[in-house]
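Colleague: Residue numbering for the sequence shown follows the working numbering, starting at 9 and increasing by one per position.
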Amino acid sequence: MIAVEETGPAGAPPVLMLHAGVADRRSWAPLVEHLGVQTRCIRYDGRGYGDTVYEAEDGWSPVADAVAVMDAMNVSSAIVVGNSMGGGTAIDLALAYPDRVSALVLISPAISGAPESELETTAAELDGDIDAADERDDLDAVNQLETHFWLDGPGHAGRVTGSPRELFLDMNARALSATDPGEPAELPDAWSQLERIAVPALFLAGSLDLRHFRTDASLAAASLDHGQYVELPDTAHVPQLESHELALRSIANFIAAR
Numbered sequence: 009m010i011a012v013e014e015t016g017p018a019g020a021p022p023v024l025m026l027h028a029g030v031a032d033r034r035s036w037a038p039l040v041e042h043l044g045v046q047t048r049c050i051r052y053d054g055r056g057y058g059d060t061v062y063e064a065e066d067g068w069s070p071v072a073d074a075v076a077v078m079d080a081m082n083v084s085s086a087i088v089v090g091n092s093m094g095g096g097t098a099i100d101l102a103l104a105y106p107d108r109v110s111a112l113v114l115i116s117p118a119i120s121g122a123p124e125s126e127l128e129t130t131a132a133e134l135d136g137d138i139d140a141a142d143e144r145d146d147l148d149a150v151n152q153l154e155t156h157f158w159l160d161g162p163g164h165a166g167r168v169t170g171s172p173r174e175l176f177l178d179m180n181a182r183a184l185s186a187t188d189p190g191e192p193a194e195l196p197d198a199w200s201q202l203e204r205i206a207v208p209a210l211f212l213a214g215s216l217d218l219r220h221f222r223t224d225a226s227l228a229a230a231s232l233d234h235g236q237y238v239e240l241p242d243t244a245h246v247p248q249l250e251s252h253e254l255a256l257r258s259i260a261n262f263i264a265a266r
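#1: Using three-state DSSP, classify ARG222 as helix, strand or coil.
#2: Considering just the uninterrupted stretch of the alpha helix (DSSP H) at MET9, what are its terminal residues?
#3: Excluding the five sequence neighbours on either side, which residues of its own chain have a C-beta within less than 6 Å of the C-beta of ILE259, listed in chain order?
#4: Which full runs of the alpha helix (DSSP H) of 4+ residues lie inside the stretch 133-202, going along the chain?
#5: Using beta-carbon positions only, say whether GLY29 and SER92 come within less than 7 Å of one another.
#6: Enumerate in chain order the residues of its own chain whose CB-to-CB distance from ALA64 is below 8 Å, with the five nearest sequence positions on each side excluded.
#7: Where does ASP146 land, buried or exposed, given buried means 16+ other C-beta within 10 angstroms?
#8: Less than 7 Å between the C-beta atoms of ASP207 and ALA111, yes or no?
#9: Along the chain, where does the alpha helix (DSSP H) that runs through ILE115 open and close?
#10: Over what stretch of residues does the beta strand (DSSP E) that includes LEU26 continue unbroken?
#11: Which one of LEU249, GLY170, ARG167, SER231 has the shortest CA to CA distance from GLU203?
#12: Below 6 Å CB to CB, which residues in the same chain sit around MET25 once its five sequence neighbours on both sides are set aside?
#13: Bridge partners for ASN261 per DSSP, in chain order?
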C-alpha cells in the first residue's frame, strides 16, 4: 500500500510530488508549507521508501504507481514536481501519459539516457568512500557519507545543519535498510524523447550539486519549446529540504502562472 499525504482543498489545482532516491515524501514539507492552502499538494512514498508497504517483485513500474496514486485521489491531470529519481519518473510519466501532466517542475532530474559524465575528483573520491562503506555493510557510515554527497554537496561536508540534516539522515537511513522492492520494468530512454514534452517545464539544479545534473537540466530545458532552467546558488541536490528561498519562490511562481 502506497503511503500518500494530501494537504490543501480538494478543489485547488493538484500538484503531485515525487521524491528523490535519498529521501521520502517528508522532503517536500517546506515546499508544501510555502505553497500554502491555495494548492492541493499530493506527496507519496515510493516503493522502498518511507511508510509505503510493498511486496518485492520484478517488473513493477514507478510510472504505474504514480498513475495509481492520481487515480486514487481522483486527479485526472496535475502539475508534477520531481526531485532526482522522482524527476526521472515525472519525465517518464509525461512521456507515457501526456494527458495526465499539465506542467513539470524538475529538480536535478535523473533522466534516463542522458549523456554519461565522469565525476569530478572530489565527488569521485567520496563516491569511492561510499562504495567501501557499503562493502563493509556499514550502513551508518554510508548514510553519513551520502548525506555529505547529496545534501551538503561534495567538498562541502557539514554545510547543512539542524533539522534538515536530521531529517535527511532519517529518510536515507530508512531507505538504506528497506527491503529491495525488486527490479523495475525497463522503459525507453527519456533523453532522446524530450522534444515530445509539450507542457511547460521548469528545471532547477543547485550550484553545489554534481556538475552533470546542472548540465543535463540546462540542456534538457533548452531542448523543450516551453522549458526554462534556474541554477540555485549555494545548495546541492535537495534544495527544497533546505527551504532554499530561490527554489521555493521559483517553483511557487511557476505553479501560480499555470
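The beta-carbon is built from N, C-alpha and C at its ideal position, and this holds for glycine as well.
Modeller: Quick answer:
#1: helix
#2: From DSSP, MET9 is part of no alpha helix (DSSP H); its letter is neither H nor E.
#3: VAL113
#4: 147-154, 170-185
#5: yes
#6: THR187, ASP188, PRO189, GLY190
#7: exposed
#8: What sits at residue 207 in the sequence shown is Val, not Asp. Against a cut-off of 7 Å, the Cβ pair of ALA111 and VAL207 comes out as a contact.
#9: ILE115 -> not in any alpha helix (DSSP H); beta strand (DSSP E) instead, spanning 109-115.
#10: 22-26
#11: SER231
#12: TRP36, ARG51, VAL89
#13: Bridge partners of ASN261: none, in fact.
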